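Letter 5 of the sequence shown, counting from 1, is numbered 5 in the UniProt record's numbering, and no numbers are missing. We put the beta carbon where it would ideally sit given N, CA and C, even for glycine. It should be emphasised that the depicted structure is a prediction, and the values quoted were computed from it without experimental measurement. What follows is a single structure, written as structure tokens, with notes after it.
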Amino acid sequence: MTADLFDSAAEAQPSREEIADGAVLLRGFVRPIESELIEAARAVVTQSPFRRMTTPGGHLMSVAMTNCGERGWITDHTGYRYDPIDPRTGAPWPAMPPVFRDLARRAAEQGGFAGFSPDACLVNRYEPGTRLSLHQDKDELDYLAPIVSVSLGLAATFLFGGLARTDKPRRFRLVHGDVVVWGGPSRLAYHGVAPLAEGEHALLGRRRINLTFRKVL
Ligand code: SIN
Ligand code: FE2
1 MTADLFDSAA EAQPSREEIA DGAVLLRGFV RPIESELIEA ARAVVTQSPF
51 RRMTTPGGHL MSVAMTNCGE RGWITDHTGY RYDPIDPRTG APWPAMPPVF
101 RDLARRAAEQ GGFAGFSPDA CLVNRYEPGT RLSLHQDKDE LDYLAPIVSV
151 SLGLAATFLF GGLARTDKPR RFRLVHGDVV VWGGPSRLAY HGVAPLAEGE
201 HALLGRRRIN LTFRKVL
């Protein structure tokens, strides 16, 4: 009985680690809803499939991407932008699943950002060898809202730097279920993902799926 009480207390109080001023790492935050998240992500991808996009500089990105929500982040030879239409399907991006919206709000709150209401969710797919170079999320109009980033599947090394590209990033190992929230003084921090190591995840196989929630408008 006592042991049970302690166990549920531990579940209700997931770990919260401050990694920078305005940035927290919530380990295991989405484990309780992992199946719902994966199912919802599959439904999104059925409507708007993963694709590799081209940067304005002409590089094919190694991360494959899609989106859900009122706006989707895209890049092509003309630049980066948010668009309500998926250029691949010609239709609006799939609606943001309620389970996504709810988790983003709860995670943001844990990070000290109550009332987060994302209108865009970028879905990134990494395979072994795939990386994402250091960048800032700055195509949004609203910098008051935080970024909420959810890791599923294979583990990754997340690079979290400062406000200057030259600030040496710190490295954090993110595993299935972890969430990072950054905003306020960290909102424009440089971040990226080191090349994914080989591996096999019980639920997602040879991949890592990352959900990045933003408030664009
Ligand atoms: C991103 O910055 O868009 C993704 C970060 C991640 O995959 O953890
Ligand atoms: Fe980013």
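Roughly how many angstroms separate the alpha carbons of glutamate 18 and valine 24, rounded to a whole number?
Stepping through the sequence shown from its first residue, residue 18 is reached at position 18. Stepping through the sequence shown from its first residue, residue 24 is reached at position 24. Taking the straight line from one Cα to the other gives about 4 Å.
Under the three-state reduction of DSSP, which class applies to phenylalanine 37: helix, strand or coil?
Your numbering for residue 37 matches position 37 in the sequence shown. Looking at the sequence itself, residue 37 is leucine, so the reference to phenylalanine does not match. Reduced to three states, the DSSP call for leucine 37 is helix.
Consider the Cβ of glutamate 34: report whether some Cβ of chain E lies at a distance smaller than 8 Å.
This model lacks chain E altogether; it includes just one protein chain.
Inter-stretch contact at 8 Å, needing at least 3 Cβ pairs: the region 145–165 / the region 180–190:
yes
Which runs of the alpha helix (DSSP H), 4 residues or longer, sit entirely within the region 9–91?
34–47
Quick one: Cα of glutamate 43 to Cα of proline 92, how far?
Numbered from its first residue, the sequence shown carries residue 43 at position 43. Numbered from its first residue, the sequence shown carries residue 92 at position 92. The question names glutamate, yet the displayed sequence has alanine at residue 43. For alanine 43 and proline 92, the distance between alpha carbons rounds to 15 Å.
Cβ of alanine 104 within 8 Å of Cβ of phenylalanine 113?
Here residue 104 refers to the residue found at position 104 when the sequence shown is read from its first residue. Here residue 113 refers to the residue found at position 113 when the sequence shown is read from its first residue. No, they are not a contact pair.
Please name the residue in Leu203, Thr212 and Pro84 whose C-alpha comes closest to that of glycine 192.
If you number the sequence shown from 1, residue 192 lands on position 192. Here the closest residue by C-alpha is Thr212.
Pick from Gly57, Thr46 and Thr78: whose alpha carbon is nearest that of methionine 65?
Translated into the one-based positions of the sequence shown, residue 65 becomes position 65. Of the listed residues, the one whose Cα sits closest to methionine 65 is Thr46.
Decide if glycine 111 is buried, meaning its Cβ has at least 16 other Cβ atoms within 10 Å, or exposed.
Looking up residue 111 in the sequence shown gives position 111. Glycine 111 should be labelled buried.
Using a threshold of 7 Å, is the CB atom of serine 48 nearer than that to any non-hydrogen atom of the ligand SIN?
To locate residue 48, count along the sequence shown from 1; it is residue 48. Result no, Cβ not under 7 Å from the ligand SIN.
Do leucine 152 and isoleucine 33 have their C-beta atoms within less than 8 Å of each other?
As a working note, residue 152 is residue 152 in the sequence shown. As a working note, residue 33 is residue 33 in the sequence shown. No, they are not a contact pair.
Thinking glycine 177 and arginine 31 are a contact (beta carbons under 8 Å), I'd like their distance in whole angstroms, please.
Taking the first residue of the sequence shown as position 1, residue 177 is located at position 177. Taking the first residue of the sequence shown as position 1, residue 31 is located at position 31. Yes, they are in contact, since the Cβ atoms of glycine 177 and arginine 31 sit about 4 Å apart, within 8 Å.
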